[in-house]
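Peer 1: Below is the structure I would like to discuss, written out as structure tokens.
What follows is the structure, encoded as structure tokens:
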């Protein structure tokens, strides 16, 4: 399974970004995808996940600001990030959960300036 993430960048506080992650390869047992992030000196943490059935889960601090969505036909997951804060600055990683294994994308940098 290969994951191609895109959409990171530099934005001012209060701005928006949209991340995308497309899965390809042996994904016939894909059941969920999600976004995680890792800031310098901190552990990687869950941001949001979505199952193929549409159930979502969010980190408390992003609820109401971030929205995760998926396109099952394209095996793609999106993360719409609004009202960004400097503390959202991190490398964002896409993750795909399949029966038997999990896969990580290469990471995309999100930097929010104050």
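Residue numbers (the working numbering): 10 to 123. Glycine residues also receive a C-beta, built at the ideal position from the N, C-alpha and C atoms. Note that the coordinates shown come from a computational prediction; the quantities given were computed from them, not determined experimentally.
What is the rounded straight-line gap between the Cα of residue 98 and the Cα of residue 35?
Peer 2: 32 Å
Peer 1: When burial is assigned at 16 or more other CB atoms within 10 Å of the CB, is residue 88 buried or exposed?
Peer 2: buried
Peer 1: Beta-carbon within less than 7 Å of residue 76's beta-carbon, same chain only, minus the 5 sequence neighbours each way: which residues are those?
Peer 2: 89
Peer 1: What do you get for residue 108, buried or exposed, if any count of 16 or more other CB atoms within 10 angstroms of its CB means buried?
Peer 2: Exposed: under 16 other Cβ atoms inside 10 Å.
Peer 1: If we ignore side chains and look at the alpha-carbon of each, how far apart do residue 72 and residue 55 end up?
Peer 2: 12 Å
Peer 1: By how many angstroms is the C-alpha of residue 82 removed from the C-alpha of residue 15?
Peer 2: 18 Å
Peer 1: Below 7 Å between beta carbons: does that hold for residue 119 and residue 17?
Peer 2: yes
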